Every structure is written in C-alpha cells, then in structure tokens.
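There are 2 protein chains.
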Amino acid sequence: MPTIVVEVMPKPELLDPAGKAVAGALHRLGHDHVTDVRIGKRFELSVDTVDDELLKSIEKVAADMLSNSVIETVLSVEVLDESPAGETH
Amino acid sequence: MPTIVVEVMPKPELLDPAGKAVAGALHRLGHDHVTDVRIGKRFELSVDTVDDELLKSIEKVAADMLSNSVIETVLSVEVLDESPAGETH
Numbered sequence: 001m002p003t004i005v006v007e008v009m010p011k012p013e014l015l016d017p018a019g020k021a022v023a024g025a026l027h028r029l030g031h032d033h034v035t036d037v038r039i040g041k042r043f044e045l046s047v048d049t050v051d052d053e054l055l056k057s058i059e060k061v062a063a064d065m066l067s068n069s070v071i072e073t074v075l076s077v078e079v080l081d082e083s084p085a086g087e088t089h
Numbered sequence: 001m002p003t004i005v006v007e008v009m010p011k012p013e014l015l016d017p018a019g020k021a022v023a024g025a026l027h028r029l030g031h032d033h034v035t036d037v038r039i040g041k042r043f044e045l046s047v048d049t050v051d052d053e054l055l056k057s058i059e060k061v062a063a064d065m066l067s068n069s070v071i072e073t074v075l076s077v078e079v080l081d082e083s084p085a086g087e088t089h
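Protein chains in written order, with the working numbering: chain A, 1 to 89; chain B, 1 to 89.
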C-alpha cells in the first residue's frame, strides 16, 4: 500500500520553545556545534492507490488539516519510495 | 549554516492514537482513500559545519535524546541540501 509523507515545520520567524529546550540540553551535554533546533511533524498517510488527483487532495488536506497555516509551513507532500531493494526512506 | 534533518516515527507495531484520530476525521470528511495515518517528528538541527564525525555524533544524539528507542524509530539523519537553486527540501 502506497504511503504519502507530509512534512510540516513551524514557520522560521516563530519561536520554537521545544526546539530551544532541546538545543539547550544538547549544549549542556557538550554538543556546541548545534546552534539551533526546530521540531516539526512528519505524517505518513497510507492510501489505496496514488494518482495526481489524490495527491492534490492530500496537499489540500495537509494545508487545511495537518497544519496550522498561521504558525506552520507544509514543507513537502511526497509519495514514499518503497522500492523493495532500498530502505523504506 | 548547514542543517541536519532527523526523522523519527513511532514503531509500526505501536498503536498511534493521534494518527487514528486524524484518519477518523479524514474519513468523516470523505477522504476514504486514506486507510491509516501515523504521526512522527521531524527535527532540523542547525550546525556550524558538517563532517563525518559530527554526523556520527548527531546520529547518537538522535538515538539517545531525540527519540525513545522503546516506542520510536529513527528513520533518517541527513544533511539538508540547501542548494540555492532548489527549494530548501
């Protein structure tokens, strides 16, 4: 069954408290080369079949339901390549 | 400044209540072609420079801090291609 991956991130201009907390913890543990951390969401939608029309409707779902357009940006809506040889991603 | 993207998903065998809720809502809105939804996290770590050693340490951070190995899987740890021509992703 095909899988569509939707990636959503907080808008760059927005403060990301959770990301700041992780960055702070990394610094305390000596990972000073990490200057900033931002945390978003990754959705995997299993679908029956994939065609352009379906992909269009998922893009709309991503914009309307899976993200809050005021504070988040939909980075990508892509069909996951599940070729048997490679890893799932 | 280079960005490293870490993707974390709940383990497949695990129930994903939030994902089930989204799938249910999509069905109520007529998106019947979506059979399942799983929700994970996407981290963007800004770093000073990128080399193999740093990438190794970020892989360790991903396993130890950015995910809970009991219930989650680190799907990928990749340097974001920020070639000026293309999109950031």
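We put the CB at the ideal spot given by N, CA and C, even for glycine.
Model, not experiment: these values are computed from the prediction.
| message | Looking at lysine 41 of chain A: is its Cβ nearer than 7 Å to the Cβ of valine 74 of chain A? | response | As a working note, residue 41 of chain A is residue 41 in the first sequence. As a working note, residue 74 of chain A is residue 74 in the first sequence. No, the Cβ-Cβ distance between lysine 41 of chain A and valine 74 of chain A is not below 7 Å.
| query | What is the DSSP secondary structure of glutamate 13 of chain A, reduced to helix, strand or coil? | reply | Looking up residue 13 of chain A in the first sequence gives position 13. Coil, per DSSP.
| message | Which complete beta strand (DSSP E) runs does the stretch 13 to 67 of chain A hold, if anything under 3 residues is left out? | response | 34 to 47
| request: Could you tell me which of B:Asp51, B:Ile71, B:Val47 sits nearest to proline 2 of chain B, measuring between CA atoms? | output: Numbered from its first residue, the second sequence carries residue 2 of chain B at position 2. Proline 2 of chain B has its Cα closest to that of B:Val47, out of B:Asp51, B:Ile71, B:Val47.
| Any idea what DSSP makes of valine 79 of chain B, helix, strand or coil? | Translated into positions along the second sequence, residue 79 of chain B becomes position 79. Strand at valine 79 of chain B.
| said: Looking at valine 22 of chain B: is its Cβ nearer than 7 Å to the Cβ of valine 37 of chain B? | reply: Position 22 of the second sequence, counted from the first residue, corresponds to residue 22 of chain B. Position 37 of the second sequence, counted from the first residue, corresponds to residue 37 of chain B. Cβ atoms of valine 22 of chain B and valine 37 of chain B: closer than 7 Å.
| query | DSSP three-state call for valine 74 of chain B: helix, strand or coil? | reply | As a working mapping, residue 74 of chain B is identified with position 74 in the second sequence. Strand, per DSSP.
| What separation, rounded to the nearest whole angstrom, lies between the Cα atoms of glutamate 78 of chain B and alanine 62 of chain B? | Taking the second sequence and counting its residues from 1, the one referred to as residue 78 of chain B is at position 78. Taking the second sequence and counting its residues from 1, the one referred to as residue 62 of chain B is at position 62. Going from the Cα of glutamate 78 of chain B to the Cα of alanine 62 of chain B covers about 11 Å.
| message | Cβ closer than 7 Å: which chain B residues qualify as neighbours of histidine 27 of chain A? | response | Position 27 of the first sequence, counted from the first residue, corresponds to residue 27 of chain A. Against chain B, a Cβ distance below 7 Å from histidine 27 of chain A picks out nothing, because the smallest value is about 12 Å.
| field | Beta-carbon gap between phenylalanine 43 of chain A and isoleucine 4 of chain B smaller than 7 Å | value | Taking the first sequence and counting its residues from 1, the one referred to as residue 43 of chain A is at position 43. Taking the second sequence and counting its residues from 1, the one referred to as residue 4 of chain B is at position 4. When the beta-carbon positions are compared, phenylalanine 43 of chain A and isoleucine 4 of chain B stay at least 7 Å from each other.
| said: So that I know if they touch, is there some Cβ in chain B lying closer than 7 Å to that of isoleucine 39 of chain A? | reply: The residue given as residue 39 of chain A occupies position 39 in the first sequence. Yes, isoleucine 39 of chain A counts as interfacial toward chain B.
| request: Taking proline 10 of chain B and isoleucine 71 of chain B to be in contact with their CB atoms under 8 Å, please state how far apart those CB atoms are, rounded to whole angstroms. | output: The residue you call residue 10 of chain B lines up with position 10 of the second sequence. The residue you call residue 71 of chain B lines up with position 71 of the second sequence. Indeed they touch by this definition, with Cβ atoms about 6 Å apart.
| Beta-carbon proximity list for leucine 14 of chain A, same chain, < 7 Å, skipping 5 on both sides | Position 14 of the first sequence holds residue 14 of chain A. Only Ile71 meet the Cβ criterion.
| task | Determine the contact status of leucine 54 of chain A and histidine 33 of chain B, defining contact as a CB-CB distance below 7 Å. | result | Numbered from its first residue, the first sequence carries residue 54 of chain A at position 54. Numbered from its first residue, the second sequence carries residue 33 of chain B at position 33. Going by C-beta atoms, leucine 54 of chain A is nearer than 7 Å to histidine 33 of chain B.
| said: Taking the alpha-carbon of leucine 29 of chain A as reference, which of B:Ala18, B:Lys56, B:Met65 has the nearest alpha-carbon? | reply: For the purposes of this step, residue 29 of chain A is taken as residue 29 along the first sequence, with counting starting at 1. When only C-alpha atoms are compared, the closest one is B:Met65.
| request: With distances taken Cα to Cα, identify the nearest neighbour of glycine 19 of chain B among A:Lys60, A:Leu45, A:Asp81. | output: On the second sequence, position 19 is the one that residue 19 of chain B refers to. Nearest option by C-alpha distance: A:Leu45.
| query | Are there 16 or more other CB atoms within 10 angstroms of the CB of serine 67 of chain B, so buried, or fewer, so exposed? | reply | Position 67 of the second sequence, counting from 1, holds the residue named residue 67 of chain B. That one is buried.
| Same chain, Cβ closer than 6 Å to aspartate 16 of chain B, five either side skipped, listed in chain order | As a working mapping, residue 16 of chain B is identified with position 16 in the second sequence. Only Pro10, Arg38 meet the Cβ criterion.
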